[in-house]
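Residue numbers (the numbering used here): 54 to 200.
Heads up, the beta-carbon is just placed ideally off N, CA and C, and yes, glycines get one too.
The structure appears below as structure tokens.
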Amino acid sequence: MFRTTTVLLVALLLPVTALAQLQAPASPTATRPVSLPGSPPPTSPTATRPSSVPPPTRDDAQREDPQPRVPPPPRPTKPPTKPPIKPVTPPPPMRPIYDSKGQRVEGMRQAGPNRVFDPRTGRYHTTEPSGVGQRIVPPPAGATPQR
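This is the structure we're talking about:
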């Protein structure tokens, strides 16, 4: 009995909840006034004038010199300028590489700071600055070659 009533109640309420989700959402400005840029802020309907100030009369309105608001003249805009063209600088010349005996070695490529790659053997060598170039540091005695 209880189970049948529960199933019947769920079956009746399911379409109602689905229809509630399909309703159009409320306007985001339904609860607050819309204020556009450049317009004075709206006054609240509950704000009233103090009772000590008399309401303006027709003579007061005529005495005021209403000046129409004239928007400021548009500023002249500069056309977009292109950034200055930087000349392409060639990479710095390769520093010569010398072997551990001081003889110049050709074909080595700089692989990083204080590292060179020998494409003929496929090995990397550690170097140290020497004069205007790099000098290959000999591996310690008994060390296996690096790959």
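Nearest-angstrom Cα separation, counted from residue j out to residue i
i: residue 141; j: residue 156; result: 34 Å
i: residue 137; j: residue 131; result: 16 Å
i: residue 148; j: residue 171; result: 15 Å
i: residue 70; j: residue 133; result: 56 Å
i: residue 56; j: residue 63; result: 11 Å
i: residue 139; j: residue 174; result: 40 Å
i: residue 88; j: residue 75; result: 30 Å
i: residue 65; j: residue 54; result: 17 Å
i: residue 184; j: residue 164; result: 19 Å
i: residue 128; j: residue 144; result: 45 Å
i: residue 81; j: residue 68; result: 27 Å
Limits of the unbroken alpha helix (DSSP H) element including residue i
i: residue 81; result: From DSSP, residue 81 is part of no alpha helix (DSSP H); its letter is neither H nor E.
i: residue 59; result: 55-75
Outcome for residue i when other beta-carbon atoms lying within 10 angstroms are tallied against a minimum of 16
i: residue 180; result: buried
i: residue 50; result: Because the chain here runs from 54 to 200, residue 50 falls outside it and cannot be looked at.
i: residue 161; result: buried
i: residue 158; result: buried
Whether residue i touches residue j by CB criterion (8 Å)
i: residue 182; j: residue 153; result: no
i: residue 151; j: residue 186; result: yes
i: residue 188; j: residue 177; result: no
is_contact[residue i, chain B] using C-beta, thresh 8 Å
i: residue 55; result: Chain labels in this structure do not include chain B; a single protein chain is all it has.
Endpoints, the beta strand (DSSP E) within which residue i is located
i: residue 233; result: Because the chain spans 54 through 200 in this model, residue 233 falls outside it and cannot be assessed.
i: residue 183; result: 176-183
Residues that residue i bridges to, as DSSP identifies them
i: residue 168; result: 165, 179
i: residue 187; result: 150, 182
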